[in-house]
Amino acid sequence: MKKVLLFTVILVAFAFSMSAQYTEVYTQPCFSDVGNLYTSALDTAGDVDYEIADNFVNVADPIKKVEFYGACGSFAGDWYPGTPNAQEPFIVRFYQQVTGWTVPPEPLTAPETGTYTVKLYDSYGDGWNDGKLDVLVNGVVVLDDITLASGAGPAAYTFSANAGDIISTIFTAGSWAGENRYEILDPNNVVIATDGEGTNPPTGIDVPQPPQPLIAPATGTYTVNLYDDYGDGWDTSLLSVYVNGAIVLENITLATGAGPEAYTFTANTGDEVCTVFKAGAWPGENWYEILDPDSVVIATDGPNPQGIGFIPEEILYEPTWGTPDY
């Protein structure tokens, strides 16, 4: 039996009342071809639930009118135009946009004073097979070479820490380390850290070092050369360069080829130079270098660049779908 699912896609225009007039505040663009038209769909019987989110801001007056435009289609291996029902249901929900800022990597810090617990597990159920774990508080070993001798666990070990203490671990792999994992619980038995997920062996919980900026060795013009190992450009990857926190090169890229593509900026002796890399497709092919005013390479990053130093960036958090503001 060929199963045909019927979908309705919507184009929404939001407007609010101003005297007797409506002023449009948002419009989702319309697609002319059938394949791109179906961007939002709901068919719970067919286990299909595609949601589309439209963002608009600075709406000071109440929203009084919502207009829907769209088309119906059926999916049977591909999209085909469909016949709409006399009535089609639409649900409009509003969510508050929540943003935040990135922060540098932070160590695992004890949230309060008390007794902490480390629980060791093995997914296969035959112990850690010579795998071992050290637990450190402020760099001092408090649990040495603990292990899960047999079984699936948990094997529990405890240690003491004060609020603000830095907790770290060192994992030494034995055989079948991909079966091992552990978790750390605070004095209230709340899990505050895990290590070893799925078939990935534990890596240990280290004390991250704050990303360090590049210090300009001289006053003058610096050069950033962009390269691509495959030779087809950066595939939408972007790089921004900052001097003392101010952007001096924004979203530069290598459009095509292997490079180098050269960009320049100025800096004074002692200035802090940072970069932010935004990965596109195939970032493992991308890399770049920074040269001082004497054309000496003073930094490289990549393949798969991570950026140099740290620049806080604003991020948009995913709403909790199903719990709208109204």
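Mapped onto the working numbering, the consecutive letters of the sequence shown carry residue numbers 1119 to 1444.
A virtual CB, placed ideally from N, CA and C, is assigned to each residue, including glycine.
Shown here for residue 1374: same chain residues with a beta carbon closer than 6 Å to its own, the five before and five after excluded, namely 1351 in chain order. With a minimum length of 3 residues, the unbroken runs of beta strand (DSSP E) contained wholly in the stretch 1331 to 1409 fall at 1338 to 1346, 1356 to 1361, 1364 to 1370, 1379 to 1385, 1390 to 1396 and 1404 to 1409. Contact between residue 1243 and residue 1270 holds: CB atoms are separated by about 4 Å, below the 8 Å threshold. In the three-state scheme derived from DSSP, where H, G and I count as helix and E and B as strand, residue 1297 is classed as helix. Ranked by Cα distance from residue 1231, the first of 1285, 1409, 1325 and 1346 is 1285. By the neighbour-count definition (other C-beta atoms within 10 Å, threshold 16), residue 1219 is an exposed residue. Scanning 1340, 1311, 1419 and 1392 for the CA closest to the CA of residue 1382 turns up 1340. DSSP places residue 1224 outside both helix and strand once states are collapsed to three, so it counts as coil. Here residue 1419 carries a strand assignment [DSSP, helix/strand/coil].
Shown here for residue 1227: same chain residues with a beta carbon closer than 8 Å to its own, the five before and five after excluded, namely 1282, 1283, 1284 and 1285 in chain order.
If you look at residue 1289, you'll find it in the beta strand (DSSP E) that goes 1284 to 1290.
Scanning 1394, 1403 and 1265 for the CA closest to the CA of residue 1240 turns up 1265.
When secondary structure is reduced to three states using DSSP, residue 1429 falls in the coil class, being assigned neither helix nor strand.
Separation of the CB atoms of residue 1322 and residue 1354 is rounded to 34 Å, and the pair is thereby denied contact status at 8 Å. The secondary-structure analysis by DSSP pairs residue 1438 with nothing; it has no beta-bridge partner. Secondary structure note for residue 1277: its beta strand (DSSP E) is the uninterrupted segment 1273 to 1279. Under DSSP, residue 1311 takes part in a beta bridge, and its partners are 1302. DSSP places residue 1219 within a strand segment (E or B) once states are collapsed to three.
Annotation for residue 1231: no beta strand (DSSP E) segment contains it, and DSSP assigns it neither H nor E. In this chain, the beta strand (DSSP E) harbouring residue 1261 covers 1258 to 1264. Listed in chain order, the non-local C-beta contacts of residue 1410 below 7 Å within the same chain comprise 1335, 1336, 1340 and 1416, local neighbours out to five positions each way being set aside. Shown here for residue 1394: same chain residues with a beta carbon closer than 6 Å to its own, the five before and five after excluded, namely 1358, 1425 and 1429 in chain order. DSSP places residue 1443 outside both helix and strand once states are collapsed to three, so it counts as coil. Rounded to the nearest whole angstrom, the CA to CA distance from residue 1260 to residue 1301 is 16 Å.
Judged by DSSP in its simplified three-state form, residue 1198 adopts strand. The beta-bridge partner set that DSSP reports for residue 1236 consists of 1275 and 1302. Here residue 1255 carries a strand assignment [DSSP, helix/strand/coil].
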